[in-house]
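Those protein sequences? They're chains A and B, same order as listed. When we follow numbering that gives the first Met the number 0, the leftmost residue of the first sequence carries the number 0, and every step to the right adds one. When we follow numbering that gives the first Met the number 0, the leftmost residue of the second sequence carries the number 0, and every step to the right adds one. For glycine and all other residues, C-beta sits at the position ideal for the given N, C-alpha and C. The structure appears below as structure tokens.
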Amino acid sequence: MARVGIIGIGHGQFGRRSDATVQELAFEAFREAVADAQIDPKDIDGSVIGSVPEYHKQRSLPGVVQEYLGLNPVPTWLTEVACASGSAAIRTGWMAIQSGAHRLMAIIGCQKMTELSTPEILALMGRVGEVQWESVFGTTFPAYYALFAKSHMHEYGTTREQLLQVAVKNHYYGARNPNALFQKEITIEKALESDPVSDPFQVYDCCANADGAACVILASEDIAKKSKKPVAWLDGVGCATASMSVLRRPSLTGLPSAEEASRIAYKMAGVTAKDIKVAEVHDCFTIAEIMAYEDLGFCAKGAGGRFIEERQSYADGQTPVNIDGGLKAKGHPIGATGVSMTVEIVKQLRGEAGERQVKNADAGLTHNVGGIGQYCFVHVLRRD
Amino acid sequence: MFKWFGKVNFAPYTKVSEFANHLKDGRLMGSKCKQCGQESFPPRADCSKCLSGDFEYIEFSGEAKLLSYTVIHAAPTGFEDVTPYTIGVVDLKETGRLLAWLGDTISEDEIKIGMDLQVVPRVFEELEEIKVYYSLEKPGTTWSVGQSS
Ligand SMILES: [Zn+2]
Numbered sequence: 000m001a002r003v004g005i006i007g008i009g010h011g012q013f014g015r016r017s018d019a020t021v022q023e024l025a026f027e028a029f030r031e032a033v034a035d036a037q038i039d040p041k042d043i044d045g046s047v048i049g050s051v052p053e054y055h056k057q058r059s060l061p062g063v064v065q066e067y068l069g070l071n072p073v074p075t076w077l078t079e080v081a082c083a084s085g086s087a088a089i090r091t092g093w094m095a096i097q098s099g100a101h102r103l104m105a106i107i108g109c110q111k112m113t114e115l116s117t118p119e120i121l122a123l124m125g126r127v128g129e130v131q132w133e134s135v136f137g138t139t140f141p142a143y144y145a146l147f148a149k150s151h152m153h154e155y156g157t158t159r160e161q162l163l164q165v166a167v168k169n170h171y172y173g174a175r176n177p178n179a180l181f182q183k184e185i186t187i188e189k190a191l192e193s194d195p196v197s198d199p200f201q202v203y204d205c206c207a208n209a210d211g212a213a214c215v216i217l218a219s220e221d222i223a224k225k226s227k228k229p230v231a232w233l234d235g236v237g238c239a240t241a242s243m244s245v246l247r248r249p250s251l252t253g254l255p256s257a258e259e260a261s262r263i264a265y266k267m268a269g270v271t272a273k274d275i276k277v278a279e280v281h282d283c284f285t286i287a288e289i290m291a292y293e294d295l296g297f298c299a300k301g302a303g304g305r306f307i308e309e310r311q312s313y314a315d316g317q318t319p320v321n322i323d324g325g326l327k328a329k330g331h332p333i334g335a336t337g338v339s340m341t342v343e344i345v346k347q348l349r350g351e352a353g354e355r356q357v358k359n360a361d362a363g364l365t366h367n368v369g370g371i372g373q374y375c376f377v378h379v380l381r382r383d
Numbered sequence: 000m001f002k003w004f005g006k007v008n009f010a011p012y013t014k015v016s017e018f019a020n021h022l023k024d025g026r027l028m029g030s031k032c033k034q035c036g037q038e039s040f041p042p043r044a045d046c047s048k049c050l051s052g053d054f055e056y057i058e059f060s061g062e063a064k065l066l067s068y069t070v071i072h073a074a075p076t077g078f079e080d081v082t083p084y085t086i087g088v089v090d091l092k093e094t095g096r097l098l099a100w101l102g103d104t105i106s107e108d109e110i111k112i113g114m115d116l117q118v119v120p121r122v123f124e125e126l127e128e129i130k131v132y133y134s135l136e137k138p139g140t141t142w143s144v145g146q147s148s
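Next up, the structure:
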């Protein structure tokens, strides 16, 4: 199979962006990615937009973004799989280039969320559970992950402190990422004082809703080989699904879609979990990162709590995870997140991550989860 | 009348709408495929195993075991007035699972994963319109019309 490479990256400021429309946010990331790739935007032959439309007043987002980026008349389309919409955009870009239909594409994840109130977002996000039998009881997105957390704590003895150690680590690295929403460190003591959300979670267990955009330029193998920038090859592309309803999951201690997507991605790239030198995982809640360590095979099932306690996911640990602050500290503009993760891995592979740089980063991974694991995309990226 | 089901209902029209009528009469119903016999909870009109659309309701005992739970403090639109509330997911004795509120017969410090619970059909009595639901209660708790919760 021919390879598809990432030759340009762009990342806007995440946060409450009351200064910009969603297409203006997309433009910031796009402009940076085009400059980074040192390409003429006229050579781009299509774009894919990862976003969740329910949050925007503008209907049919790709149209307004494509026009604002000046990309008419080349094609564009939207991918939507909740919080994994950005990785779905990368996957369809990869597919489009593998098919031969496209050769050079802009993949843009963009989202504005903060124009809605928190209860409105809680209601909207909670309905990523099954609305017929679950939402009638006022389920929320944090509540679903809280069910996972309680189950994991009961089954494996994972502790409240271990959950918060994830947040402490991600804030530590967020403090070193100029694009992050929260650029300050926290302590477990401070986290334990925050307001309750859905037991055992308090505010500091949860990522924040945010506005933002990120962009990558995907190229066919022949174009990528001529790139002026070191290429990050998209060598493993895994995707899997699990039941919409939490009532039909085999267990509440992990995400079967993540296990399956990583199995596919590792196999395609010809690597194992041990080969991954740096990972970006979907830490929408503290338990989600602990389950990701296990689902991705960084540690044994049930050992995720000890993995963070022993600092194995810090930059100098066994498998550095979320060295950009993760969703927790960066903020989670849901459509942008998967692309943002990819931008960070490309920086790490190129050695451009500054004080966040991980040693010997020749293979990296992104793990982007939609909803409560209904969708999961795992991508393995490598440099030559 | 499936619009009767739940404090806020998002799916008023379904092929299993009779479920809510049964619940109003105090019966918790699952479904059984008439073709292959597969039983389901939540009930479903169309069989996931043999794809038949021919089903019947079967009454469930409501006996259940707690799989996980959480106390919700930050509520979505429409549930602010009942905050905080506790939801639990249970494994049903017959088959399948159910998500519901933990009711008044269980205090917060008694809740333990693995504990036995009883699913009890309920009516929102403070509301004028018909609104039914079920809650998770101490084993032995029974439903009766007009009983205050
Ligand atoms: Zn059947």
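Residue j beta carbon less than 8 Å from that of residue i
i: Val149 (chain B); j: Phe4 (chain B); result: Outside the shown range of chain B (0 to 148) lies residue 149 (chain B), about which nothing can therefore be said.
i: His385 (chain A); j: Ala278 (chain A); result: Past the edges of chain A, shown from 0 to 383, lies residue 385 (chain A), and the structure says nothing about it.
i: Ala398 (chain A); j: Asp194 (chain A); result: With chain A represented from 0 up to 383, any question about residue 398 (chain A) goes unanswered, as that position is not in the structure.
i: Leu98 (chain B); j: Leu246 (chain A); result: yes
i: Val152 (chain B); j: Val135 (chain A); result: Because chain B here runs from 0 to 148, residue 152 (chain B) falls outside it and cannot be looked at.
i: Ile275 (chain A); j: Ile289 (chain A); result: no
i: Gln110 (chain A); j: Gly324 (chain A); result: no
i: Tyr292 (chain A); j: Val379 (chain A); result: no
i: Ser242 (chain A); j: Val377 (chain A); result: no
i: Thr139 (chain A); j: Leu162 (chain A); result: no
i: Ile216 (chain A); j: Ile5 (chain A); result: yes
i: Gln373 (chain A); j: Asn178 (chain A); result: no
i: Ala73 (chain B); j: Ser197 (chain A); result: yes
i: Gly301 (chain A); j: Glu114 (chain A); result: no
i: Thr85 (chain B); j: Trp100 (chain B); result: yes
i: Ser339 (chain A); j: His10 (chain A); result: yes
i: Val345 (chain A); j: Ile43 (chain A); result: no
i: Cys283 (chain A); j: Cys82 (chain A); result: yes
i: Phe59 (chain B); j: Gly29 (chain B); result: yes
Environment of residue i [buried if 16+ CB atoms lie within 10 Å]
i: Lys168 (chain A); result: buried
i: Cys298 (chain A); result: buried
i: Gln117 (chain B); result: buried
i: Met0 (chain B); result: exposed
i: Leu50 (chain B); result: exposed
i: Gly145 (chain B); result: In this prediction, Gly145 (chain B) has a pLDDT of 45, which is less than 50 and means its spatial position is unreliable; what the coordinates show is noted afterwards. Its Cβ having fewer than 16 others within 10 Å, Gly145 (chain B) is exposed.
i: Val81 (chain B); result: exposed
i: Glu258 (chain A); result: buried
i: Gly45 (chain A); result: buried
i: Thr271 (chain A); result: exposed
i: Ser147 (chain B); result: A caution first: Ser147 (chain B) carries a pLDDT of 44, below 50, which makes its placement in the model too unreliable to give a value.
i: Gly304 (chain A); result: buried
i: Trp76 (chain A); result: exposed
i: Glu343 (chain A); result: buried
i: Cys238 (chain A); result: buried
i: Cys214 (chain A); result: buried
i: Tyr12 (chain B); result: exposed
i: Gly14 (chain A); result: buried
i: Gln311 (chain A); result: buried
i: Ala156 (chain A); result: The displayed chain sequence assigns Gly, not Ala, to residue 156 (chain A). Under this definition Gly156 (chain A) is an exposed residue.
i: Ser50 (chain A); result: buried
i: Lys92 (chain B); result: exposed
i: Gln131 (chain A); result: buried
Cutoff 8 Å: residue i Cβ touching any chain C Cβ
i: Val80 (chain A); result: Reference to chain C is not applicable here, since the protein chains of this structure are A and B.
First and last residue of the uninterrupted beta strand (DSSP E) at residue i
i: Gly92 (chain A); result: Careful: Gly92 (chain A) lies outside any beta strand (DSSP E), inside the alpha helix (DSSP H) at Ser84 to Ser98.
i: Pro83 (chain B); result: Pro83 (chain B) -> no beta strand (DSSP E), and no H or E assigned at all.
i: Val118 (chain B); result: Asp115 to Val122
i: Gln110 (chain A); result: Leu103 to Gln110
i: Pro195 (chain A); result: Pro195 to Ser197
Terminal residues of the alpha helix (DSSP H) in which residue i lies
i: Leu348 (chain A); result: Thr336 to Arg349
i: Arg159 (chain A); result: Arg159 to Gly173
i: Leu60 (chain A); result: Leu60 to Leu68
i: Asn20 (chain B); result: Glu17 to Lys23
Any non-hydrogen atom of ligand 2 closer than 7 Å to residue i Cβ
i: Glu23 (chain A); result: Ligands displayed in this structure: ligand 1; ligand 2 is not among them.
Practice item. Note down, in chain order, all residues in the region 118-138 of chain A with a beta-carbon under 9 Å from any beta-carbon belonging to chain B. Key: Pro118, Glu119, Ile120, Leu121, Ala122, Leu123, Met124, Gly125, Arg126, Gly128, Glu129, Val130, Gln131, Trp132, Glu133, Ser134, Val135, Phe136, Gly137 and Thr138
Point to revise | Contacting positions in the region 151-173 of chain A - beta carbon closer than 8 Å to chain B | key: His153
Practice item. With ligand 1 as the reference, list in chain order each residue whose Cβ lies under 5 Å from any of its heavy atoms. Key: B:Cys32, B:Gln34, B:Cys35, B:Gln37, B:Cys46, B:Lys48, B:Cys49 and B:Ser51
Point to revise | Contact residues within the region 58-82 of chain B, judged by C-beta distance below 8 Å to chain A | key: Leu66, Ser67, Tyr68, Thr69, Val70, Ile71, His72, Ala73, Ala74, Pro75, Thr76, Gly77, Phe78, Glu79 and Val81
Exercise for review: Select from the region 268-299 of chain A all residues with a C-beta closer than 7 Å to any C-beta belonging to chain B, and list them in chain order.
Suggested key: none
Point to revise | Residues in the region 85-100 of chain B having any Cβ partner in chain A nearer than 8 Å | key: Ile86, Val88, Gly95, Arg96, Leu97, Leu98, Ala99 and Trp100
Exercise for review: Give the residues from the region 335-366 of chain A that approach chain B closer than 7 Å (Cβ to any Cβ), ordered along the chain.
Suggested key: none
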